[in-house]
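Participant:
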Amino acid sequence: MVEINFLGGASEVGKLGMVMRLREKKLLFDYGMAPGKPPSYPAPAPPVDATFLTHAHLDHSGMIPWLCRKYKTSVIGTRVTKEISELLQKDSVKISKAEGYSIPYSSQDISNALNSWVDINPGDTYELEGTRIIAHPSGHIPGALMFEINNDSTMVFTGDLQTMDMHLLKGAKPVRCDTLFLEGTYAGREHEDRKTLEKKFIEQIDEVLARNGKAIIPAFGVGRCQEVALILKDQGFQVWCDGMGNAITRIFLRNPGFLYSAKALNKVHKRMKEVRTSHNRRAALQDGVVITTSGMLDGGPVLWYLEQIKDDPRSAIFLTGFQVPGTNGRQLLDNGTINSRGAKEKINCGVKHFDFSAHAGHSQLVRFAKACKPEKIVLFHSEDRTPLAEELKDFAEIFLPEDNKKLSI
Ligand SMILES: [Zn+2]
0 MVEINFLGGA SEVGKLGMVM RLREKKLLFD YGMAPGKPPS YPAPAPPVDA TFLTHAHLDH
60 SGMIPWLCRK YKTSVIGTRV TKEISELLQK DSVKISKAEG YSIPYSSQDI SNALNSWVDI
120 NPGDTYELEG TRIIAHPSGH IPGALMFEIN NDSTMVFTGD LQTMDMHLLK GAKPVRCDTL
180 FLEGTYAGRE HEDRKTLEKK FIEQIDEVLA RNGKAIIPAF GVGRCQEVAL ILKDQGFQVW
240 CDGMGNAITR IFLRNPGFLY SAKALNKVHK RMKEVRTSHN RRAALQDGVV ITTSGMLDGG
300 PVLWYLEQIK DDPRSAIFLT GFQVPGTNGR QLLDNGTINS RGAKEKINCG VKHFDFSAHA
360 GHSQLVRFAK ACKPEKIVLF HSEDRTPLAE ELKDFAEIFL PEDNKKLSI
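According to numbering that gives the first Met the number 0, the sequence shown holds residues 0 to 408 in order.
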C-alpha cells in the first residue's frame with residue numbers, strides 16, 4: 000500500500016503535482032503551474048527525496064525552480080525536458096514582468112535548478128534505496144516520459160499520454176503494472192481520424208492560397224509547431240515559422256534520439272524559413288503560410304499577423320490545438336472576437352479549428368489501460384473523470400483522488 004497526495008491537478012488539467020509516500024521515502028511526480036495572467040499554483044510541496052518530471056509543459060514543470068530553491072532534491076527527467084522547461088520557465092518570468100504580476104521564482108532560481116538535474120533516458124533505471132524507477136516514453140512530446148515504479152508492487156505514472164504514432168514521435172506502449180496512474184484529459188471525448196483531419200487541413204490551406212489569401216497557423220511552440228510543419232512538408236508551398244517554435248525545433252534536432260525521424264524534421268527545418276526580423280515578418284505574410292505562437296492567441300507574434308488579416312475574407316486562421324476557456328482562441332471560436340490592447344475586436348477573416356492533439360482520446364486511453372492489466376487505476380489530470388471511471392470500473396478498482404486529500408491505495 001502507498002499513500003498519495005495530489006498538490007494540484009487531480010481533477011483539472013493544469014498545475015499538476017503528486018506526492019507518493021513509499022515506505023520512508025517521499026517522491027514527487029511533476030510540479031507545475033497553470034499558466035494564466037497571473038498563473039495559479041499547486042499547494043506547497045513538502046520536502047521530498049526525489050522529483051520525477053514527466054515533461055516540459057509548464058502545467059507539469061512550472062514550479063520546479065521554486066522546489067529546488069526551497070529543498071535539496073534531485074530532478075529526474077530527460078535532457079530535452081531540461082532544456083525546454085528552462086526555456087518555458089524563463090519565458091514565464093519574462094511575461095510576468097511585462098504584464099506586471101509576480102511569480103514565485105527568478106531567472107536565477109531557474110538557472111540554479113539545473114544543478115539538481117539528473118538526466119535519464121527512456122529504458123534507463125533510477126535506483127532509490129530498494130525502489131527501481133524505470134523511464135518509458137509517453138509519446139506526448141519529444142522527451143516526455145512515463146515512470147514505472149517497482150517496489151512491493153509495480154506502479155506506472157503516465158504523465159501526459161499519447162498512444163498513437165504522430166509525425167514527430169512514436170506513441171507510448173503499454174507497461175504491465177499493478178497500479179496505473181492514468182491521465183484523463185480526453186476522458187469522454189474522441190479525436191477525429193488523424194489522416195482525414197490532416198487531409199482537410201491541407202485542402203483548406205490550398206483553398207486559401209488559391210484565392211490569394213494568407214493562412215496563419217497558431218501553434219504551441221513545443222511539439223505542435225513541429226508536428227504541423229511535418230504535416231505540411233511535401234505540399235510545395237513555402238512555410239515560415241515565427242516565435243518560440245524555432246528554438247524548440249533546434250533543441251529537438253540536438254536530441255535526435257527522441258524523435259520519430261530526425262531526418263524528416265531536419266529536412267523540414269532546412270526548408271522552413273525562420274522569422275528573425277520585422278522585415279522577415281512581412282515576407283512571411285507575403286508568402287502566405289505562417290506557423291506561429293502563441294497557440295491560443297494570448298500573446299506573441301500571432302497577434303501581429305491577426306491584425307494584418309482580420310478584415311480580409313480571403314485569409315484564414317487555422318487553430319491547431321485545444322483552446323482553453325478564458326483565452327483569446329476560445330473567445331474567437333465562441334463568438335468571433337479577440338481581446339486586443341484592452342478592446343474587443345471582431346475577426347472577419349476565416350476561422351477553422353483542427354485539433355492535432357498530443358493526448359490519447361477516450362478509446363485510446365481505455366485500450367492502453369486494459370493492456371497494462373492493472374488491478375487499480377488512479378485517474379487524474381481531467382476536468383471530468385466520470386466517463387473513464389464508468390468504462391473501466393468493471394475492469395479494475397478505480398480511484399478518483401481529490402487535491403490535498405491523502406489517499407491510501
Ligand atoms: Zn503536456
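The C-beta atom is built at its ideal place from N, Cα and C for all residues, glycine as well.
Taking the continuous beta strand (DSSP E) assigned at G349, which residues delimit it?
Facilitator: Taking the first residue of the sequence shown as position 1, residue 349 is located at position 350. From DSSP, the beta strand (DSSP E) with G349 extends over 349-352.
Participant: In this structure, how does DSSP classify A357 when only helix, strand and coil are distinguished?
Facilitator: Taking the sequence shown and counting its residues from 1, one reaches residue 357 at position 358. Of the three classes helix, strand and coil, the one that applies to A357 here is coil, per DSSP.
Participant: Roughly how many angstroms separate the alpha carbons of E306 and E82, rounded to a whole number?
Facilitator: For this step, residue 306 is matched to residue 307 along the sequence shown. For this step, residue 82 is matched to residue 83 along the sequence shown. So the two alpha carbons sit approximately 32 Å from each other.
Participant: Per DSSP, G7 is paired with what?
Facilitator: The count along the sequence shown starts at 1 and reaches residue 7 at position 8. G16.
Participant: Would you mind giving the Cβ-Cβ distance between A186 and T53, rounded to the nearest angstrom? I have them listed as a contact below 8 Å.
Facilitator: Locating residue 186 in the sequence shown gives position 187, counting from the first residue. Locating residue 53 in the sequence shown gives position 54, counting from the first residue. The Cβ separation is near 18 Å, so there is no contact.
Participant: Applying the 10 Å Cβ sphere with the 16-neighbour rule, what's the burial state of K404?
Facilitator: Start at 1 with the first residue of the sequence shown, and residue 404 comes out as number 405. Label assigned to K404: exposed.
Participant: Provide the residue span of the alpha helix (DSSP H) that contains V207, from first to last.
Facilitator: Taking the sequence shown and counting its residues from 1, one reaches residue 207 at position 208. Run containing V207: 193-209, per the alpha helix (DSSP H) assignment.
Participant: Could you check the C-alpha separation between E202 and A42 for me, to the nearest Å?
Facilitator: Translated into the one-based positions of the sequence shown, residue 202 becomes position 203. Translated into the one-based positions of the sequence shown, residue 42 becomes position 43. E202 and A42: Cα-Cα distance of roughly 46 Å.
Participant: Consult DSSP for V155 and reduce its assignment to one of helix, strand or coil.
Facilitator: In the sequence shown, the residue the question calls residue 155 occupies position 156. It is a strand residue.
Participant: At a cut of 8 Å, does the stretch 286-297 reach the stretch 205-223 through at least three beta carbon pairs?
Facilitator: Judged by Cβ distances under 8 Å, the stretch 286-297 makes contact with the stretch 205-223, as three or more pairs qualify.
Participant: Tell me whether H361 counts as near ligand 1, meaning its Cβ is closer than 7 Å to at least one heavy atom of that ligand.
Facilitator: Locating residue 361 in the sequence shown gives position 362, where the first residue counts as 1. Because no heavy atom of ligand 1 lies under 7 Å away, the Cβ of H361 does not count as near it: no.
Participant: What residues sit near ligand 1, counting only those whose C-beta is closer than 5 Å to one of its heavy atoms, in chain order?
Facilitator: Any residue whose Cβ sits closer than 5 Å to a heavy atom of ligand 1 makes the list: H56, D159.
Participant: Which same chain residues, not among the five before or five after P45, have their C-beta less than 8 Å away from its C-beta?
Facilitator: Here residue 45 refers to the residue found at position 46 of the sequence shown. These residues qualify, in order along the chain: V18, K25.
Participant: Determine the DSSP secondary structure at F236, reduced to helix, strand or coil.
Facilitator: As a first step, residue 236 must be located in the sequence shown, where it is residue number 237. If DSSP states are grouped into helix, strand and coil, F236 belongs with coil.
Participant: Taking C-beta to C-beta, are L399 and L378 nearer than 8 Å?
Facilitator: The residue labelled residue 399 in the question sits at position 400 within the sequence shown. The residue labelled residue 378 in the question sits at position 379 within the sequence shown. In this structure, L378 lies closer than 8 Å to L399 by Cβ.
Participant: Given that a residue counts as buried once 16 or more other Cβ atoms are within 10 Å of its Cβ, and exposed if not, what is S39?
Facilitator: Numbered from its first residue, the sequence shown carries residue 39 at position 40. Exposed.
Participant: Hey, could you find the ends of the beta strand (DSSP E) P136 is sitting in?
Facilitator: Here residue 136 corresponds to residue number 137 of the sequence shown, with the count starting at 1. Here the beta strand (DSSP E) through P136 covers 130-136.
Participant: Measure the alpha-carbon distance for P324 versus M145 and round it to whole angstroms.
Facilitator: In the sequence shown, residue 324 corresponds to position 325, counting from 1. In the sequence shown, residue 145 corresponds to position 146, counting from 1. Going from the Cα of P324 to the Cα of M145 covers about 28 Å.
Participant: Starting from the C-beta of A368, find all residues in its chain whose C-beta is less than 7 Å away, skip the five residues before and the five after it, and write them out in chain order.
Facilitator: Sequence index remark: in the sequence shown, residue 368 carries index 369 (1-based). Around A368: L179, L181, I376, L391.
Participant: Kindly indicate which three-state DSSP category L127 falls into: helix, strand or coil?
Facilitator: Locating residue 127 in the sequence shown gives position 128, where the first residue counts as 1. Looking at L127 - three-state DSSP - the assignment turns out to be strand.
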